[in-house]
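Enquirer: Mind looking over this structure? Questions follow.
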Amino acid sequence: MKPVSSFTEDRVLWQDFLAGEVRAFEKLMAGNFRLLFRYGSKFSKDRELVKDSIQDLFLVLWEKRGNLNPDAAVKPYLMASLRRLMHRQVSSRAWVGGEVFQEEDDYFDIEFSVEEEYIANEATVARTRQLQNLLNALPRRQKEVVYLKFFQELSREQIAEVMAVSPQTVSNLLQIAIRHLRTHWKAEFLIFFLLHFLF
1 MKPVSSFTED RVLWQDFLAG EVRAFEKLMA GNFRLLFRYG SKFSKDRELV KDSIQDLFLV
61 LWEKRGNLNP DAAVKPYLMA SLRRLMHRQV SSRAWVGGEV FQEEDDYFDI EFSVEEEYIA
121 NEATVARTRQ LQNLLNALPR RQKEVVYLKF FQELSREQIA EVMAVSPQTV SNLLQIAIRH
181 LRTHWKAEFL IFFLLHFLF
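Counting from 1, one number per residue, gives the positions in the sequence shown under our numbering.
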């Protein structure tokens, strides 16, 4: 979990940004660009679209900073805003005859960025790849819930905000995903996976 001090720093940075401090705005953008790029890349393979969307997002935030919620949780707020912006951009491109990048249930890849020194042997590598393939076989919304819960460590309420669904829907999607994993995966490794990401 993110340390309490980090949440406090985020809150102070957000408040300074809302007050119009350019350095806070630059720090907010620099500090969240990688996170947003990884998340945006799960909706489109077009890297330039993702980068442009992030830049557009921060331009809109700067322009509308006087009307933004001063108590927003920064990380989920930025992720939710990017998700909505990209959805609108992809929809508008399709409307004017542009390429439709991905159908809703087609694309949302979960990748493990495991450093080689942490992988003890080939069996672990094989299990990691098998788990990644199993996760990526889930429907897109289930994959997104798993990603936000276990990889981004967001709460149920924060995930609901990002995905624009109810907290109960988040719980349902997560339960269905875990049930699917339990059915198709050895119990002991699923327990390892859940313990690794939950605690």
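The beta-carbon is built from N, C-alpha and C at its ideal position, and this holds for glycine as well.
Quick one, are the C-beta atoms of R141 and L174 less than 8 Å apart?
Expert: The answer is no: Cβ separation not under 8 Å.
Enquirer: Compare the C-alpha of S155 against each of K64, Y77, L13 and T8 and name the closest.
Expert: Y77
Enquirer: Per DSSP, what kind of secondary structure is G40 in: helix, strand or coil?
Expert: helix
Enquirer: Could you name the residues of the same chain whose beta carbon sits closer than 6 Å to that of D10, not counting the 5 residues immediately before and after it, in chain order?
Expert: V74
Enquirer: Using 8 Å as the Cβ pair cut-off and three pairs as the minimum, do the region 49-59 and the region 174-183 touch?
Expert: no
Enquirer: Would you give the residue range spanned by the alpha helix (DSSP H) that R65 belongs to?
Expert: Looking at the DSSP string, R65 is not in any alpha helix (DSSP H), and its letter there is neither H nor E.
Enquirer: Out of curiosity, what's the CA-to-CA distance linking Q132 and K143?
Expert: 11 Å
Enquirer: Could you pull out every residue in the same chain whose Cβ sits closer than 7 Å to the Cβ of M86, ignoring the five residues on either side in sequence?
Expert: Around M86: G40, F43, S44 and S53.
Enquirer: So, helix, strand or coil for L138, using DSSP?
Expert: coil
Enquirer: Straight-line CA distance for I159 to S81?
Expert: 12 Å
Enquirer: State the Cα-Cα distance for the pair I178 and R38, rounded to the nearest angstrom.
Expert: 23 Å
Enquirer: Just to confirm my understanding: we take L138, look at its own chain, exclude 5 residues before and 5 after, and list those with CB closer than 6 Å. What are they?
Expert: A177
Enquirer: What are the start and end residues of the alpha helix (DSSP H) that includes P167?
Expert: P167 to H184
Enquirer: Who are the near neighbours of G31 in its chain, counting only those whose CB is closer than 6 Å to its CB and skipping five residues on each side?
Expert: none
Enquirer: Can you give me the Cβ contacts of M200 inside the same chain, cut-off strictly under 6 Å, excluding the 5 residues immediately before and after it?
Expert: The shown model of the chain, from 1 to 199, leaves out residue 200, and the question about it has no answer.
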